[in-house]
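Chemist: Mind having a look at this structure? Questions to follow.
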Amino acid sequence: MLTILFDGIAYGMLLFVLASGLAVTLGLMNFVNLAHGAFAMAGGYITVILVNRLGLPFFASLPIAFLASALIGFVFERTLYVHVYRKSHLDQVLFTIGLVFMSVATVDYFLGSSQVFVQVPDTLQGQFSVSGVGIGRYRLLIIIVCGLLTIALQFVFANTRFGSRLRAAVDDSRVARGLGINVNRIFAVTFAFGSGLAGLGGALGAEILGLDPTFPLKFMIYFLIVVTVGGTSSITGPFFASLLLGISDVAGKYYVPTLGAFVIYTIMIIILIWRPQGLFSRASSR
Amino acid sequence: MTTPARLTIVAATEWLSERARWHPLEFLFWIAAFAAIYLMPSRHLILTEIAWLGLFALSLDLILGYAGIISLGHAAFFGLGAYTAALLAKHEIINEPAAALLIAGVAAMALGFLTSFLVLRGSDLTRLMVTLGVALVLRELANRNGWLTGGADGLQGVTIKPLLGTFRFDMFGHTGYIYCLTVLFILFLLARRMVNSPFGLSLLSVKDNPLRASAIGISVDARLVAVYTVAAGYAGIAGALLAQTTAFASLEVFSFDRSADLLLVLIIGGAGYLYGGLIGAIVFKIMQDYLSALTPQYWPFWIGLVLVVIVLVGRDRITSWTAPIRLFAERLNWRALKRRPAASITEEHLS
Amino acid sequence: MTIVLETIELTKRFAGILATNNVSLELTRGSRHALIGPNGAGKTTLINLLTGVQRPTSGRIVFDGEDIGKLSTHERVRRGIVRTFQINQLFSELTPLETIGLAVSERRGQGLDWWRIVGSRPDLVTEAVEILEHFRLTDVIDKRTAILPYGKQRLLEIAVAIACRPRVLLLDEPAAGVPEDERHEILAAVAALPADVTVLLIEHDMDIVFSFADRISVLVNGALFVEGSPEEVARDPRVKAVYLGEELADG
């Protein structure tokens, strides 16, 4: 059972890294980006190409995946997304769904539709035992990397000037602008960073979550759950929501396999009815 | 001073009931649709698809265009209707398709009613999530219960008995098209009546300003539940039509792709005037036919591109391109113009 | 002198702020009651509590002897408690005719009629047109509300409330934001309200308050500060002090 808990935590932290960019984007610009998973997919496939085809070491390709996804995110944001900010939520949904469909088909066209695997280095394969609990090496890596990232994110968010500007802009962008904070620049940087994190998450997650061209569609609902359940006004909200989601999903699939993902969706619906603004968020000024 | 007031009342009555009057283009549309039964027999298969897709889009228009509810999971009702009709036929519980259709509609309405409470509260994003969640839950349930639904392979061995005991479903879609078109037309008439009624006006008011609507005594929740339930029924009937004309039902009736495609269909035609879904269905199917021939596997790419372009160009700009057609239609309304005392009389009255 | 609407020790607390503090207010039938107070005193919150837009933390609201605290906004409207909003809340895409027509239709219980065509009931149309004539909105009767000048929108705001045949009408700053040359129409409309309707008026403009009201309540920091006839309130030095921000002596 503890192994399940461990696996659930690893899964949850991975989800957090994947979804954190979406949480901040939604909270910051009130922009519903259903295509967030596409950046994660990009990171995953880039890693696959770098490691499998070009022979780069796994650990070296992780930062490259991050940077590449961040760059793609930056370019898309400046060229396409920027035109859609002022539009209605329906338009944003349609737009980003369109991007998802395009990205899925593009990856399918160039890289085929079957699932791909990363050649994980030997040091990360297998498990070791700690007082009877099986600890997967790869999952341990995920927990460590994601844990460090979370701490770093929380630090930036809470303790740096950029972080406070970001929080101000999330809280009330009009007032923030009035104070001289360049909200658009913050958004461009944050969007790029969030996409980069998604890409890193995709790279790390390829092994556990399974990577194929339909990745953005399959995981869209998970990211949305993290964001709506966790709320968008903090880092801790989505963090705990991700853990909750990760553990429930792993436990659900193990203990009640006939219902599978059903458990997650039902919990999500119940939580959203009970607290439409999310489990963890404060009531925002909007 | 009752005389001027009476003329204004006459004018007012005209203005209010203007929306409900049938434009000549509407007659043309339906005459063409029914004429296609005789004039386009080789295309009946695709016309059948256009008919139930148009009904499905009409059902989304009721909640999106008239009540302002964004749904990413409307396929839930479509799929439930499809499986209900397919199962009723397969297990020979109801052998007459039209009767099975009604039952499928009722089942979908029940689901709509039960889930309507989920979309009453919360922002657009919450509604998206919740509706998506419901559709995914149903898909999972269908997936895991293969003994009932056939699972990932779909429901096999469904045979549809002749409609009303006499009209056999053929493989050219002749019976299918007449059936779907008739059902579509009847449901369209009912929907048209509904949106032009006081109830329909109250829906528009709820979409416009729910706070103000409750401040004039409208129970916003009750109205939304009502329209959501009706729309679910329509979607369920559309799904049943699919199942009956193809004698098959599979998991993808619940899929996200179906809900997303549906949004596109409605957006192409424009939401909020009932014909948007029908026009969108025609354009979508023609597009799909053409593009699938070009690149069969990568059809989602083109859908995605169309969506992105539509949003970037702007939905209002696209509907404004159809404005000339509507103006032309109004100009055809000769007799109404001659009859109408409105403009001149009120001016006289106030001068 | 029947009391038609009263609050009993009504309190509303949000996240540490006491927006409404133990307010016990009585409205007698047919009265023209003004509610005044500095900005942030909680006047609009009180209206929100009376109309069910917000729920009180404690205390009761009694209308015609019935405790209405648990009723929703639309249920209270059906009983006759109607309000206007300080910032116009109208149906921007509907015309004044449709707006008033809808309000009349709802009041008559025809809101769920999904079969008849809008405009096919002559008595309903007549009533709607009469209301619009009364408020001098017939020249814009068929225009989209969004394009109407602000003064006309404000008149429509009041007209919609009247269309609901209120027993108690809560007017939240009816003349707010209306340009000087259009104000007299609003004031005339307010002055011409039927005598059997009980009116609670929130206003900042003291001229309007003193010419209209037969009773005034002063709300400060969520609590009822002073109440009385206009003369009494005008003479009370504490009221002047509150408005001028001077320190108050205790006791």
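Just so you know, the protein sequences line up as chains L, Z and R, in that order. When the count follows my numbering, it moves up by one through the first sequence with no breaks and lands on 286 for the last residue. When the count follows my numbering, it moves up by one through the second sequence with no breaks and lands on 1351 for the last residue. When the count follows my numbering, it moves up by one through the third sequence with no breaks and lands on 2251 for the last residue. Built from N, CA and C at the ideal position, the CB exists for glycine as well. Please read these numbers as outputs of a predicted model, since none were measured by experiment.
If you reduce the DSSP assignment to three classes, tell me which class A1020/Z lands in.
Modeler: Position 20 of the second sequence, counting from 1, holds the residue named residue 1020/Z. If DSSP states are grouped into helix, strand and coil, A1020/Z belongs with coil.
Chemist: Taking all protein chains shown into account, do 16 or more other C-beta atoms lie within 10 angstroms of the C-beta of D2123/R, making it buried, or fewer, making it exposed?
Modeler: By 1-based counting over the third sequence, the position of residue 2123/R is 123. By the neighbour-count rule (16 or more Cβ atoms within 10 Å), D2123/R is not buried but exposed.
Chemist: Check each candidate in G2016/R, N2022/R, L2219/R and name the one with the smallest Cα separation from T2007/R.
Modeler: For this step, residue 2007/R is matched to residue 7 along the third sequence. Measuring from the Cα of T2007/R, the nearest candidate turns out to be N2022/R.
Chemist: Name, please, each residue of chain R whose Cβ falls closer than 7 Å to the Cβ of R1121/Z.
Modeler: Numbered from 1 along the second sequence, position 121 holds the residue referred to as residue 1121/Z. Result: empty, since nearest Cβ-Cβ is about 13 Å, beyond 7 Å.
Chemist: Closer than 8 Å, CB to CB, is A2103/R near chain Z or not?
Modeler: Your numbering for residue 2103/R matches position 103 in the third sequence. Judged by the 8 Å Cβ criterion, A2103/R is in contact with chain Z.
Chemist: Does the distance from the CB of L1045/Z to the CB of G1239/Z come in under 8 Å?
Modeler: Working through the second sequence from its first residue, we reach residue 1045/Z at position 45. Working through the second sequence from its first residue, we reach residue 1239/Z at position 239. In this structure, G1239/Z does not lie closer than 8 Å to L1045/Z by Cβ.
Chemist: Any beta-carbon of chain Z closer than 8 Å to the one on P2122/R?
Modeler: Taking the third sequence and counting its residues from 1, the one referred to as residue 2122/R is at position 122. A Cβ of chain Z is located within less than 8 Å of the beta carbon of P2122/R.
Chemist: Do the segment 1183-1191 of chain Z and the segment 2063-2080 of chain R meet, that is, are 3 or more Cβ pairs less than 8 Å apart?
Modeler: Cβ pair count under 8 Å is below three, so no.
Chemist: Name the DSSP beta bridge partners of H2033/R, please?
Modeler: Here residue 2033/R corresponds to residue number 33 of the third sequence, with the count starting at 1. H2033/R is bridged to L2200/R, R2215/R.
Chemist: Kindly list the residues whose CB is nearer than 6 Å to the CB of G163/L, restricted to its own chain and excluding five residues on each side of it in sequence; keep chain order.
Modeler: Here residue 163/L corresponds to residue number 163 of the first sequence, with the count starting at 1. So the qualifying residues of the chain are V156, F157.
Chemist: Grab me the residues of L2248/R's own chain with a C-beta within less than 7 Å of its C-beta, minus the 5 sequence neighbours each way, in chain order.
Modeler: What you label residue 2248/R is simply residue 248 of the third sequence in a count that begins at 1. Note on L2248/R: pLDDT 41, under 50, position unreliable in the model; no value is reported.
Chemist: Which class does R137/L belong to by DSSP, given the choice of helix, strand or coil?
Modeler: Taking the first residue of the first sequence as position 1, residue 137/L is located at position 137. It is helical.
Chemist: Might you give, ordered along the chain, the residues of its own chain that have their beta carbon closer than 8 Å to the beta carbon of Y2243/R, omitting 5 neighbours on each side?
Modeler: Taking the third sequence and counting its residues from 1, the one referred to as residue 2243/R is at position 243. Residues P2038 of the same chain have their beta carbon placed closer than 8 Å to that of Y2243/R, with the five preceding and five following residues left out of the count.
Chemist: Taking only the alpha-carbon atoms, compute the straight-line gap between I2003/R and I2081/R and give it to the nearest angstrom.
Modeler: Counted from its first residue, the third sequence places residue 2003/R at position 3. Counted from its first residue, the third sequence places residue 2081/R at position 81. So the two alpha carbons sit approximately 14 Å from each other.
Chemist: So does the segment 1011-1027 of chain Z actually touch the segment 1233-1249 of chain Z, counting three or more Cβ pairs closer than 8 Å?
Modeler: no
Chemist: By the DSSP assignment, the alpha helix (DSSP H) with G2059/R in it spans what residues?
Modeler: Taking the first residue of the third sequence as 1, we reach residue 2059/R at position 59. G2059/R -> not in any alpha helix (DSSP H); beta strand (DSSP E) instead, spanning 2058-2063.
Chemist: Spell out whether any CB of chain R is found under 8 Å from the CB atom of N1145/Z.
Modeler: On the second sequence, residue 1145/Z is found 145 positions in, with the first residue counted as 1. Judged by the 8 Å Cβ criterion, N1145/Z is not in contact with chain R.
Chemist: Give me the Cβ distance between A1085/Z and A1243/Z, rounded to the nearest whole Å; I'm assuming they're in contact under 8 Å.
Modeler: Along the second sequence, read from residue 1 onward, the residue named residue 1085/Z stands at position 85. Along the second sequence, read from residue 1 onward, the residue named residue 1243/Z stands at position 243. Indeed, because the Cβ distance is near 4 Å, the residues count as touching under 8 Å.
Chemist: May I have a chain-ordered list of the beta strand (DSSP E) segments no shorter than 3 residues that lie completely inside the segment 53-137 of chain L?
Modeler: 127-130, 133-136
Chemist: Can you tell which of G27/L, M1/L, L2/L has its C-alpha closest to the C-alpha of V226/L?
Modeler: Against the first sequence, residue 226/L aligns to sequence position 226. Selected option, being the one with the closest Cα: G27/L.
Chemist: Using a Cβ-Cβ distance cut-off of 8 Å, determine whether R1212/Z contacts chain R.
Modeler: Taking the first residue of the second sequence as 1, we reach residue 1212/Z at position 212. R1212/Z counts as touching chain R.
Chemist: Indicate whether at least one CB of chain Z lies closer than 8 Å to the CB of E2231/R.
Modeler: Locating residue 2231/R in the third sequence gives position 231, counting from the first residue. Not closer than 8 Å to any Cβ of chain Z, the Cβ of E2231/R fails to qualify, so no.
Chemist: Shortest alpha-carbon distance to V1134/Z belongs to which of R1144/Z, L1111/Z, G1146/Z, L1125/Z?
Modeler: Sequence index remark: in the second sequence, residue 1134/Z carries index 134 (1-based). The shortest C-alpha separation from V1134/Z is found at L1111/Z.
Chemist: In terms of alpha-carbon separation, which member of R165/L, G252/L, S242/L, K253/L lies closest to S20/L?
Modeler: Translated into the one-based positions of the first sequence, residue 20/L becomes position 20. Among R165/L, G252/L, S242/L, K253/L, the Cα nearest to that of S20/L is on S242/L.
Chemist: From the beta carbon of T2138/R, is the nearest beta carbon of chain C less than 8 Å away?
Modeler: The displayed structure is made up of protein chains L, Z and R, and chain C is not among them.
Chemist: Mapping the DSSP letters down to three states, classify E2185/R as helix, strand or coil.
Modeler: Sequence index remark: in the third sequence, residue 2185/R carries index 185 (1-based). E2185/R falls in the helix class under three-state DSSP.
Chemist: Residues bridged to K2012/R by DSSP?
Modeler: To locate residue 2012/R, count along the third sequence from 1; it is residue 12. DSSP, once it has assigned bridges, lists T2020/R as partnering K2012/R.
Chemist: With DSSP as the reference, identify every bridge partner of G1272/Z, one or two as the case may be.
Modeler: Counting from one through the second sequence, the residue named residue 1272/Z turns up at place 272. G1272/Z is not bridged to any residue.
Chemist: Can you list, in chain order, the residues of its chain with a C-beta nearer than 6 Å to that of Y254/L? Leave out the 5 residues immediately preceding and following it.
Modeler: Locating residue 254/L in the first sequence gives position 254, counting from the first residue. Here the set comprises I4.
Chemist: Whose CA, out of Q125/L, S234/L, T190/L, lies closest to the CA of V75/L?
Modeler: Start at 1 with the first residue of the first sequence, and residue 75/L comes out as number 75. Out of Q125/L, S234/L, T190/L, T190/L has the C-alpha closest to the C-alpha of V75/L.
Chemist: Compute the Euclidean distance between the alpha carbons of I49/L and L224/L, then round it to the nearest angstrom.
Modeler: Here residue 49/L corresponds to residue number 49 of the first sequence, with the count starting at 1. Here residue 224/L corresponds to residue number 224 of the first sequence, with the count starting at 1. Using only the alpha carbons, I get a separation of about 28 Å.
Chemist: Name the two residues that bound the continuous beta strand (DSSP E) containing T2028/R.
Modeler: To locate residue 2028/R, count along the third sequence from 1; it is residue 28. First-last of the beta strand (DSSP E) with T2028/R: 2026-2028.
Chemist: Can you give the beta carbon distance from M268/L to G37/L, rounded, assuming they're within the 8 Å contact cut?
Modeler: Here residue 268/L refers to the residue found at position 268 of the first sequence. Here residue 37/L refers to the residue found at position 37 of the first sequence. Not really, about 17 Å apart at Cβ, beyond 8 Å.
Chemist: What does L2170/R pair with, by DSSP beta-bridge criteria?
Modeler: The sequence position of residue 2170/R within the third sequence is 170, counting from 1. Answer is R2083/R, L2200/R, bridged to L2170/R.
Chemist: For V2004/R, which of helix, strand or coil comes out of DSSP?
Modeler: As a working note, residue 2004/R is residue 4 in the third sequence. It is a strand residue.
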